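Asker: Mind having a look at this structure? Questions to follow.
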Amino acid sequence: MIDGSMQDYELTLDRFLCHAAKWHPDVQVVTADENGATARIGYAALKARARTVSAALATLGIARGDRVATLAWNSAEHVEAWYGTMGMGAVCHTLNPRLTAQQLGAMVRQSEAAVLIVSADLLPLGAAIVDHAPVVAHILVIDGEPDPSIKARARIATLEDAMAGAGCGAAWGRFPETAPSGLCFTSGTTGAPKGVTYTHRSSYLHTLRLLQVDTMAISVADTVLAVVPMFHANAWGLPFAAPAAGATLVLPGRKTDGASLARLIAGEGVTVAVGVPTVWLGLVEHLEATGGDLPSLRRIIVGGAPLPPALMERIETRLGVEVQTSWGMTELSPSGTVARAGDTDRSAAHSGKPAIGVDLLLTDADGTPLPDQRDGEGHLRVRGAAVVDRYFGQAATACDADGWFVTGDLARIDAAGNLTITGRAKDLIKSGGEWINPAEIEAVVGALPQVSLAAVIGRSDMKWGERPLLLVELREDGVSDGDLLAALKGRVASWWIPDTVVRLPAMPLAPTGKIDKLRLRAEFGAA
4 MIDGSMQDYE LTLDRFLCHA AKWHPDVQVV TADENGATAR IGYAALKARA RTVSAALATL
64 GIARGDRVAT LAWNSAEHVE AWYGTMGMGA VCHTLNPRLT AQQLGAMVRQ SEAAVLIVSA
124 DLLPLGAAIV DHAPVVAHIL VIDGEPDPSI KARARIATLE DAMAGAGCGA AWGRFPETAP
184 SGLCFTSGTT GAPKGVTYTH RSSYLHTLRL LQVDTMAISV ADTVLAVVPM FHANAWGLPF
244 AAPAAGATLV LPGRKTDGAS LARLIAGEGV TVAVGVPTVW LGLVEHLEAT GGDLPSLRRI
304 IVGGAPLPPA LMERIETRLG VEVQTSWGMT ELSPSGTVAR AGDTDRSAAH SGKPAIGVDL
364 LLTDADGTPL PDQRDGEGHL RVRGAAVVDR YFGQAATACD ADGWFVTGDL ARIDAAGNLT
424 ITGRAKDLIK SGGEWINPAE IEAVVGALPQ VSLAAVIGRS DMKWGERPLL LVELREDGVS
484 DGDLLAALKG RVASWWIPDT VVRLPAMPLA PTGKIDKLRL RAEFGAA
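Using my numbering, the first residue of the sequence shown is number 4, and each one after it goes up by one.
Encoded structure:
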């Protein structure tokens with residue numbers, strides 16, 4: 004007997020753009036510039052240009068498996084660079100422009116990228132990176148013309164000029180789906196950054212999860228605003244998911260302030276917007292100050308940092324939208340769980356259930372699974388098709404003996420299976436030999452209407468070892484330190500209540516929009 008068989012069909016990322024170009028050729032990718040004007044390109048034209056990017060890279064010696072670094076904002080030209088790099092089998096190493104040249108140079112030295120693609124306004128930083136990473140031989144400028152006064156150790160040209168001399172587009176695909184496609188370093192808000200290598204298969208399967216109705220539920224009828232940066236964790240997979248669904252993709256460029264986003268959402272009829280909480284705080288504050296509505300906007304998907312309940316209510320009330328909270332990590336490609344649209348359970352700010360392809364496990368501090376996985380707090384582990392196995396450049400696995408990745412998060416899973424992150428294991432404060440969870444304090448204080456952002460760190464203490472310190476960015480004056488601390492009484496143990504409150508004019512944020520606790524500890528952690 005001879006069994007039947009199915010066709011070989013590698014799950015490579017170029018197929019998303021090829022699908023969009025064939026079946027949704029005129030659906031657009033829209034990019035906003037510094038002045039609020041927009042540029043537009045259809046998926047068919049974008050695919051043609053991206054294939055020419057592949058040919059241009061090939062003329063510079065880039066081959067399958069080589070790394071190409073990008074230092075750029077969210078723009079159609081950056082999307083072209085992504086697909087041009089990944090489609091030919093090279094690896095797209097995204098760099099965060101909010102880090103220093105020294106930090107980025109160290110990452111490029113590890114990846115050995117010979118080509119650096121840079122937004123025009125980031126060329127000075129790109130040139131400085133090359134001083135720390137002499138492996139870079141070519142700098143290709145996108146999103147504008149390079150300043151001719153800027154010199155670098157590498158050859159500077161526009162990507163457009165490189166494409167003009169490259170001839171017809173290069174072939175895509177024809178390599179294993181397990182081949183690497185992307186490289187992103189973790190944000191480093193709680194420790195040293197580590198490189199995460201994505202594969203075509205992992206990101207393809209991750210995209211299919213995003214499109215499910217109980218996760219991001221992006222459809223051909225949507226216009227999706229990707230505020231989450233392309234330089235971090237695949238922009239949460241949106242540059243893959245939008246063309247896969249045939250949705251319009253709107254990219255804000257460099258400007259993500261409230262006024263710019265309000266103008267872009269209104270002008271493009273955005274239906275779904277995705278980004279970190281601080282972005283939506285800025286949008287709400289702008290609309291509260293100036294008036295106006297965004298009637299097209301139906302959903303906001305939030306992740307990257309906990310969303311205070313008061314801010315969630317404020318967003319939903321002012322914008323008339325539904326907020327979907329989510330949880331993920333760079334190591335998860337990055338989506339782990341997303342709260343389902345239409346979920347009416349607001350009793351807790353949970354992040355939803357995992358979709359098929361992701362599994363969760365709660366353990367004790369020693370890694371032993373909790374006997375009851377519901378309604379108890381534990382250390383969160385995860386495994387799945389888009390979860391890291393080992394970090395870039397490291398031979399040892401990042402997982403335990405059973406294949407579970409240790410996230411470093413503390414979490415609860417309720418009776419319905421919804422995940423709530425309750426803190427970071429590294430953030431726990433040991434005071435008098437007992438543990439204090441800052442996230443529980445932050446949740447209470449962050450829910451106060453007068454508070455925009457709240458953070459708790461451990462400050463060294465001669466008697467207790469550490470004591471919790473509360474830092475706040477206030478939305479409005481008129482609230483005393485006593486009022487802030489009184490909100491904690493009866494909500495947390497009395498000895499958990501911080502001794503001191505520090506008021507900050509602006510909470511320091513890490514490059515990905517999360518509260519920068521490393522900086523807070525450095526500035527305020529000493530006695």
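All residues carry an ideal CB built from backbone N, CA and C; glycine is no exception.
No experiment lies behind these values; they were computed from the predicted model shown.
Going along the chain, which residues of its own chain have a beta-carbon closer than 7 Å to the beta-carbon of THR192, five neighbours each way excluded?
Answerer: Low local confidence applies: a pLDDT of 49 at THR192 is under 50, so the model's placement there is unreliable, with the coordinate-based value given in what follows. Correct list, in chain order: ALA513, LYS517, ASP519, LYS520 and LEU521.
Asker: With distances taken Cα to Cα, identify the nearest neighbour of THR410 among ALA398, ASP378, ALA446 and ASP367.
Answerer: ASP367
Asker: Does ILE142 come out as helix, strand or coil in the three-state DSSP assignment?
Answerer: strand
Asker: I believe VAL230 touches VAL277 by the beta-carbon criterion, under 8 Å. Please report the beta-carbon distance rounded to the nearest angstrom.
Answerer: 6 Å
Asker: If you draw a straight line from the C-alpha of ASP539 to the C-alpha of ALA93, how long is it?
Answerer: A query on residue 539 cannot be resolved here, the shown segment of the chain reaching from 4 to 530 and no further.
Asker: Considering just the uninterrupted stretch of the alpha helix (DSSP H) at PRO441, what are its terminal residues?
Answerer: Per DSSP, PRO441 belongs to the alpha helix (DSSP H) from 441 to 449.
Asker: Helix, strand or coil: how does DSSP classify THR280 here?
Answerer: Note that residue 280 is Pro in the sequence shown, not Thr. In the structure shown, PRO280 sits in a helix (DSSP, three-state: H, G or I).
Asker: Tell me whether the beta-carbon of ILE416 lies closer than 9 Å to the beta-carbon of GLN376.
Answerer: Going by C-beta atoms, ILE416 is nearer than 9 Å to GLN376.
Asker: Tell me CYS187's beta-bridge partners as DSSP assigns them.
Answerer: DSSP, once it has assigned bridges, lists VAL199 as partnering CYS187.
Asker: Rounded to whole angstroms, how far is the Cβ of VAL227 from the Cβ of ALA247, which I believe are closer than 8 Å?
Answerer: At roughly 11 Å, the Cβ-Cβ gap does not stay under 8 Å, so VAL227 and ALA247 are not in contact.
Asker: Which two residues bound the contiguous alpha helix (DSSP H) that contains ARG317?
Answerer: For ARG317, the uninterrupted alpha helix (DSSP H) run begins and ends at 312 to 322, by DSSP.
Asker: Where do the N-terminal and C-terminal ends of the beta strand (DSSP E) with TRP330 fall, by residue?
Answerer: 325 to 331
Asker: Just to confirm my understanding: we take VAL111, look at its own chain, exclude 5 residues before and 5 after, and list those with CB closer than 8 Å. What are they?
Answerer: ALA72, HIS96, LEU98, LEU119, ILE132, HIS135, ALA136, VAL138 and VAL139
Asker: For HIS235, does the three-state DSSP call read helix, strand or coil?
Answerer: coil
Asker: Excluding the 5 residues flanking GLY370 on each side, which residues of the same chain have their C-beta closer than 7 Å to its C-beta?
Answerer: So the qualifying residues of the chain are ASP403.
Asker: Who are LEU473's beta bridge partners in DSSP?
Answerer: According to DSSP, which records beta bridges pairwise, LEU473 is partnered with VAL459 and VAL504.
Asker: From the DSSP output, in three-state form, read off ILE268 for me.
Answerer: helix
Asker: Just the C-alpha distance for VAL216 and LEU20, rounded to the nearest angstrom, thanks.
Answerer: 21 Å
Asker: Could you have a look at ILE132 and say whether DSSP puts it in helix, strand or coil?
Answerer: helix
Asker: Is the CB-CB distance between VAL33 and VAL253 below 9 Å?
Answerer: yes
Asker: Decide yes or no for the touch test of the segment 480 to 488 against the segment 332 to 348: beta carbon pairs closer than 8 Å, at least 3 of them.
Answerer: no
Asker: Measure the Cβ-Cβ separation of TRP76 and ASP146 and say whether it is below 9 Å.
Answerer: yes
Asker: Residue range of the beta strand (DSSP E) that PHE178 falls in?
Answerer: Run containing PHE178: none; DSSP gives neither H nor E here.
Asker: Please return the same chain residues whose Cβ sits closer than 7 Å to the Cβ of TYR86, not counting the five positions on each side in sequence.
Answerer: ASP17, LEU20 and ALA53
Asker: Extract the residue ranges of the beta strand (DSSP E) inside the segment 43 to 127, only unbroken runs of 3 or more that lie entirely within it.
Answerer: 70 to 74, 94 to 97 and 118 to 122
Asker: Would you grab the beta carbon distance between ALA389 and SER114 for me? Rounded to a whole angstrom, and I think it's under 8 Å.
Answerer: No, ALA389 and SER114 are not in contact; Cβ-Cβ is about 20 Å, not under 8 Å.
Asker: What number of angstroms, rounded off, separates the C-alpha of PRO255 from the C-alpha of GLN106?
Answerer: 25 Å
Asker: Note the first and the last residue of the continuous alpha helix (DSSP H) segment covering ASP11.
Answerer: Taken as a continuous stretch (DSSP letters only), ASP11 belongs to no alpha helix (DSSP H), as it is neither H nor E.
Asker: How many whole angstroms separate the CB atoms of TRP467 and GLY435, which I take to be in contact at a CB cut-off of 8 Å?
Answerer: About 5 Å; that satisfies the 8 Å criterion.
Asker: So, helix, strand or coil for GLY381, using DSSP?
Answerer: strand
Asker: Please state the DSSP three-state secondary structure of LYS492.
Answerer: strand
Asker: By Cβ distance, which residues of its chain are closer than 8 Å to ARG524, with the 5 residues on each side in sequence left out?
Answerer: ILE460 and GLY461
Asker: What number of angstroms, rounded off, separates the C-alpha of ALA123 from the C-alpha of ILE439?
Answerer: Rounded to whole angstroms, the gap between the alpha carbons of ALA123 and ILE439 is 46 Å.
Asker: Does ARG538 come out as helix, strand or coil in the three-state DSSP assignment?
Answerer: Examination of residue 538 is not possible in this model, given that the chain is present from 4 through 530 alone.
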